[in-house]
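Chains as they are written, first to last, in our numbering: chain A, 1 to 341; chain B, 1001 to 1341; chain C, 2001 to 2341; chain D, 3001 to 3341. No residue lacks a Cβ here, since even glycine has one placed at the ideal position from N, Cα and C. Below you'll find the structure, written out as structure tokens, and then a few comments.
Number of protein chains: 4
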Amino acid sequence: MIVLMQFSAAPEQADAVCEAIRGQGLEPLLMPGEHMAIGIPSFIPPELRSSLEGVLGSLPGVSRVQHVSRPYKLASMEWKRQPTTVEVKGVKFGPGHFTVIGGPCSVESYAQYSKAAKMVKAAGAKVVRGGAFKPRTSPYAFQGLAEEGLKIIKQVGEEEGLVTVSEVMSGEAVAMVAKYVDILQIGARSMQNFPLLIEAGRSGKPVFLKRGPSATIDEFLLAAEYVLSQNNEELILCERGIVPLDRSYTRNTLDLASVPVLKEYSHLPVLVDPSHGTGVARYVAPLAKAALVVGADGVMIEMHPDPKSALSDGSQALTPEQFKMLMDDLKVLAKVQGTVM
Amino acid sequence: MIVLMQFSAAPEQADAVCEAIRGQGLEPLLMPGEHMAIGIPSFIPPELRSSLEGVLGSLPGVSRVQHVSRPYKLASMEWKRQPTTVEVKGVKFGPGHFTVIGGPCSVESYAQYSKAAKMVKAAGAKVVRGGAFKPRTSPYAFQGLAEEGLKIIKQVGEEEGLVTVSEVMSGEAVAMVAKYVDILQIGARSMQNFPLLIEAGRSGKPVFLKRGPSATIDEFLLAAEYVLSQNNEELILCERGIVPLDRSYTRNTLDLASVPVLKEYSHLPVLVDPSHGTGVARYVAPLAKAALVVGADGVMIEMHPDPKSALSDGSQALTPEQFKMLMDDLKVLAKVQGTVM
Amino acid sequence: MIVLMQFSAAPEQADAVCEAIRGQGLEPLLMPGEHMAIGIPSFIPPELRSSLEGVLGSLPGVSRVQHVSRPYKLASMEWKRQPTTVEVKGVKFGPGHFTVIGGPCSVESYAQYSKAAKMVKAAGAKVVRGGAFKPRTSPYAFQGLAEEGLKIIKQVGEEEGLVTVSEVMSGEAVAMVAKYVDILQIGARSMQNFPLLIEAGRSGKPVFLKRGPSATIDEFLLAAEYVLSQNNEELILCERGIVPLDRSYTRNTLDLASVPVLKEYSHLPVLVDPSHGTGVARYVAPLAKAALVVGADGVMIEMHPDPKSALSDGSQALTPEQFKMLMDDLKVLAKVQGTVM
Amino acid sequence: MIVLMQFSAAPEQADAVCEAIRGQGLEPLLMPGEHMAIGIPSFIPPELRSSLEGVLGSLPGVSRVQHVSRPYKLASMEWKRQPTTVEVKGVKFGPGHFTVIGGPCSVESYAQYSKAAKMVKAAGAKVVRGGAFKPRTSPYAFQGLAEEGLKIIKQVGEEEGLVTVSEVMSGEAVAMVAKYVDILQIGARSMQNFPLLIEAGRSGKPVFLKRGPSATIDEFLLAAEYVLSQNNEELILCERGIVPLDRSYTRNTLDLASVPVLKEYSHLPVLVDPSHGTGVARYVAPLAKAALVVGADGVMIEMHPDPKSALSDGSQALTPEQFKMLMDDLKVLAKVQGTVM
């Protein structure tokens, strides 16, 4: 941690900063070459990090407090030197595997979902998605079938032998969703819903955590830290696009560089969602392929038996034919990359 | 709504779009001057808006679907032509009034909170803030006193005759928080926590809704719409800074232009939070004053009896003396602007 | 073009808008379903587009003016239905080819540049980059060897039989740079240096245009339009990263989705620069491979014979060995994609 | 400067970093508490800063290089402890003064510009703006009257006794523009046109430098540094809005917090341009007033005798009546703030 003093700071103000650092049992280090910067070269416990930043930042003459070390611990590659593989009913999320999650945005009916799942399976994917509780920007949009939808997911998952994943939107709903699905999805808008993160962690179920649209890497991994701190290591990260510079052509900006970054700093598996990442069906395939070669451990793809009749997000859903073609292309690339798919 | 066709679209694809529009009981309009654009000049019910976008967007040859009208209804100035004033125990949030909410980031103890509230009152403010449930980016940071904190808020509010506001982080906690405080705050990270928005709306309590860091104006007003759609019109909006271009000097980018924009398009009162908006105590006063002259109906200011001992966000908290000086400056400006304070 | 009226607009104000539209020889269309929106369904000449927007936008009661059609013409796939291939001394930039540009950030000496070029060639690339005029954020950073550097580029290019590309930073310098190099690079910071774009267009030389860090797709293609409007079709676009959400891990956010977007809306070839796009040497290879499968026509890669002695941008430069490995990986993927490399 | 090692870094890699630091005549400091961080506590000359970052960043095992000190020198408040006041023909830009620049986006004719200037003067402003060379996003938009426009500016400035400011778009045009106008404006798109910055610096003329849409504070002040390093201290900074989160309601996001930030870290005067900052005439007045109370040294306001006939940017121009009203409001606020206007 480095404390930068203002240009106008008096030497006594720097002394007061040193005093405050010592008051926390730490040793300050004057960095004379930089204009009145004071470093804390020793270890700062995570519990102290945030309050110490506030305390030092509030002292007169301080310009700002800059962190040097990373704020996450359990999520870091430093804490656990081996990459984590999350295994759900034999399906692996982690290095050496490229796992595709397919399926519609929303569960609309047994018929629609069963059809979708059959097509997911026929194309060679082993995990099916489908929303029963839908976080919709507008209260006037379709909100999902709720528990009825979860029952359909469970039934169809069993019938087809597919692993299932569905979104949970609040801590209180975790128990119910956990009863029906294999993997709990936490959506981008809920990435900093801390009560939800804690409940999902406590459930012991595998968790699929999407990056929030304005989340930095540190914020993303700290959200992961909430889950991990409940002794739940069954956690999968998902890049799904960040706040776009240009909303005219795509819905979000898919930040594919976050994949090698996350893989370097964290041991957790990383998937990519090019459907939300672009919002446009015809850009999904090229970006899914890019996700594979950039090093992701899989992708989540929206596919609908009949996109033009979808109750939500039809414009980003692939048709079953497009999904099949993409799966075939991915298999060729996976072979080149030496990844199992 | 306008459907733009791709450059490569065939005439039959445009026909299919027209057909799909007619299938919804609407009339398409070819716009020959623009390259194959198809408009829907008639009224589109809010319930149809989102699914229609998906349906048309999924058709072959469609480049994108562009909305023309605004997606919110109850929050709009069109729906309710008079500005709304939310009145809580005699304190008014709305045009002609400039209402200051002051107080610490977190309730830390009865002594600390009581001291803070007395200072808020002494400076002339009528509403005291204070967090009992704290949404913290890191699980290692102070998380608040929970119900114990709410009890302190209630007691101190009554002792000092101040209106109280505190954050609620989940739908299930609404009932408990509503029991103790006058105004339910929904934080920036929870702006799209839809179950929470609905519960807060149902509570009948006044709601103080902060803009999310990546929220567009439409997304912000649609979040408001969730509350309003529960027949709760006691809603106050708060601009608190958006995702920053430059994190080196401020924590967020305070978007003050959103104030006149929101006041033009919505009837709801709008406050500004320059404490989170900048994250730096010494920039709070100038931006609070700017909020006043730009037309905000008030500000929320973090003030701590002793910022350097604060358990959270010390570096953005004013001292009681700074808060008093700011209040005095605001009063002078309020007089110039013809606003009651 | 659609004119949206304010909620408070009077019918006479809408009439005045219609009158102003008719005054330009165009026909207004009332869109009754949308709250007082007025469309112009007929063709709007590009010359009229911008001033008409200003005129209508300044009328009382107007909320905003929304474009429907795309603002670019010569750069659009609509204008020229076949993709453009730019050929320079037998090297092709365009569909079916994946062309790699390699070389150091700056030309530092004949020895350094000759060594770099030999390694570029040995790895199988045919185009060598190298800056003689360097746009540096700080005036204290190395600014390049100027004309001396250009002479080195020319000499080395001829010795090794490589096509050369180098940046030009001002309109007045175009003639000089054009004398020595095969392709004129216009850097991201100069994307809207309009006098430079015009001079580069007039030079008749092939132009390599990088996207500016805050440029939307429309702004990027309008910058291209400046070059094309000088009757110069030898234009190559380059995505190199946009303004980052998170500066802690990468220097920019590489927007790979812009590749399929640009390829759909424009006929121009599109390359990707993952070196500036990430700013971190160890992320360059995965993102270069992602660029290939996402459909780019090539990549520009910084490679330095000895990155740790580089006078600029050393931390994003590959070593010759890393460059060679990347080339080999790209060749395998190019084969899979059916692209010549 | 702090060098952060990767989690996987070997001790020998940290040794190599220390060696490289010593090779530059500097002393490394191991920071044991942070995971393998190596600081350089001594002074780093500006000339070394950028190349050293590259050198260290390119070493194996290095995660990233983090600056602690600010990169600018001449622009900093540390270098020159007193705020700078730029005085042009008796008009002061600096602390204690609030200076308004008014006038149309473009010079369209002598009649239009003379009328505009008379209205600027009648409202009490002393500086008139007007573009003769217009940087337009589209090549089809009005590009300005060029030298003919400059002649009109000079004549009208003299007739009305107003100080004049006009944009220059390239280094080669500096001499010509400098012949006719009092202050050289460098537009947002040219903020990193380094040859232009150097030429403007050399001209000895006062320079009005706008912040680029994606420029951080450091990048902005480094652009200022280019001008200052030519021994030209007659430099005025201007905040004009940064890349917007939401383009639907405003054209840019006006970053008013940048005013107190710039005033703290730099000695240079800071103005605000709410016309480009919002792009909407009806939001200009509230944001101009906010600029005054936030501590800006003035504002630049677009005003046109007849906005609806303007050849450029009509929708953000005030009418003469609106401009006069704003001037009157600003005068009242200036009195409250104790500023001369």
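Chain D within 8 angstroms of residue i, Cβ atoms only
i          : result
Pro2139(C) : yes
Phe2007(C) : no
Gly2131(C) : no
Pro1958(C) : In the structure as shown, chain C begins at 2001 and stops at 2341. Residue 1958(C) is therefore absent and cannot be evaluated.
Leu1287(B) : yes
Opening and closing residue of the alpha helix (DSSP H) in which residue i lies
i          : result
Ala3014(D) : Pro3011 to Gly3023
Leu2245(C) : Segment: none, Leu2245(C) is in no alpha helix (DSSP H) and carries neither H nor E.
Leu3052(D) : Pro3046 to Gly3057
Phe1323(B) : Pro1320 to Gln1337
Phe2220(C) : Ile2217 to Leu2228
Gly130(A)  : No alpha helix (DSSP H) holds Gly130(A); DSSP gives it neither H nor E.
Residues that residue i contacts on chain A, provided the C-beta gap is smaller than 7 angstroms
i          : result
Met3191(D) : Neighbours of Met3191(D) on chain A: none; closest Cβ ~18 angstroms, over 7 angstroms.
Ala2290(C) : Leu256, Ala290, Val293 and Val294
Residue-chain proximity (residue i, chain B), Cβ-Cβ < 8 angstroms
i         : result
Arg22(A)  : no
Glu219(A) : yes
Neighbour flag for residue i against chain C, beta carbons, 8 angstroms
i          : result
Pro1083(B) : no
Leu1237(B) : no
Val293(A)  : yes
Glu1225(B) : no
Val3065(D) : yes
Thr339(A)  : no
Contacts of residue i in chain C (Cβ-Cβ under 8 angstroms)
i          : result
Gln1316(B) : Those within 8 angstroms of Gln1316(B) in chain C number zero; the least Cβ separation is about 21 angstroms.
Gly1096(B) : Under the 8 angstroms cutoff, chain C gives no residues; its nearest Cβ is about 18 angstroms from Gly1096(B).
Whole-number beta carbon distance between residue j and residue i, since they are thought to touch under 8 angstroms
i          : j          : result
Met1303(B) : Pro1320(B) : 6 angstroms
Val2280(C) : Ser2315(C) : 7 angstroms
Ala2075(C) : Leu2221(C) : 4 angstroms
Val3261(D) : Ile3217(D) : 6 angstroms
Limits of the beta strand (DSSP E) - the one that residue i falls within
i          : result
Phe2194(C) : Here Phe2194(C) belongs to no beta strand (DSSP E); instead the alpha helix (DSSP H) covers Phe2194 to Ser2203.
Pro3039(D) : One detail in the question is off: residue 3039(D) reads as Gly in this sequence, not Pro. Here the beta strand (DSSP E) through Gly3039(D) covers Ala3037 to Gly3039.
Ser3106(D) : Ser3106(D) -> no beta strand (DSSP E), and no H or E assigned at all.
Val2091(C) : Val2091 to Phe2093
Chain D residues whose Cβ lies nearer than 7 angstroms to that of residue i
i          : result
Thr1278(B) : Ala3257
C-beta neighbour in chain A for residue i, strict 8 angstroms
i          : result
Ala1281(B) : yes
Lys1179(B) : no
Under 8 angstroms from the C-beta of residue i: neighbouring residues of chain B
i          : result
Gly171(A)  : Ser1170 and Glu1172
Val243(A)  : Ser1214 and Val1243
Val2270(C) : Neighbours of Val2270(C) on chain B: none; closest Cβ ~16 angstroms, over 8 angstroms.
Cross-chain neighbours of residue i in chain D, by beta carbon under 8 angstroms
i          : result
Glu78(A)   : Phe3007 and His3035
Leu2222(C) : Thr3137, Ser3138 and Pro3139
Under 7 angstroms by beta carbon: chain B residues contacting residue i
i          : result
Val3332(D) : Val1336
8 angstroms Cβ cut-off: residues of chain A touching residue i
i          : result
Ser2248(C) : Thr216, Ile217 and Asp218
Val2261(C) : Tyr249, Thr250 and Tyr283
Contacts that residue i makes with chain A (C-beta to C-beta distance below 9 angstroms)
i          : result
Gly1039(B) : Neighbours of Gly1039(B) on chain A: none; closest Cβ ~18 angstroms, over 9 angstroms.
Could you tell me whether the region 1223-1243 of chain B touches the region 1260-1277 of chain B, using the rule of 3 or more Cβ pairs below 8 angstroms?
-> Here the region 1223-1243 of chain B makes contact with the region 1260-1277 of chain B; the two share three or more CB pairs at distances below 8 angstroms.
Three CB pairs or more closer than 8 angstroms across the region 283-293 of chain A and the region 2290-2299 of chain C | Under the three-pair Cβ rule at 8 angstroms, the region 283-293 of chain A counts as touching the region 2290-2299 of chain C.
How about the region 248-255 of chain A and the region 43-59 of chain A: do they share at least three Cβ pairs that are nearer than 8 angstroms?
-> Touching, no.
Decide if the region 2139-2152 of chain C is in contact with the region 2186-2205 of chain C; the criterion is three or more beta carbon pairs, one per stretch, under 8 angstroms apart.
-> No: the two stretches stay apart, fewer than three of their Cβ pairs being nearer than 8 angstroms.
Residues of the region 3042-3054 of chain D with Cβ closer than 9 angstroms to any Cβ of chain F, in chain order | Protein chains A, B, C and D are contained in the structure displayed, whereas chain F is not.
Are there three or more Cβ pairs, one per stretch, closer than 8 angstroms when the region 3132-3143 of chain D is compared with the region 2039-2054 of chain C?
-> Using a C-beta cut-off of 8 angstroms, the region 3132-3143 of chain D makes contact with the region 2039-2054 of chain C, since at least three inter-stretch Cβ pairs fall below that distance.
Should the region 225-232 of chain A be regarded as contacting the region 170-180 of chain A, the criterion being three or more beta carbon pairs within less than 8 angstroms?
-> Output reads no: the region 170-180 of chain A does not touch the region 225-232 of chain A.
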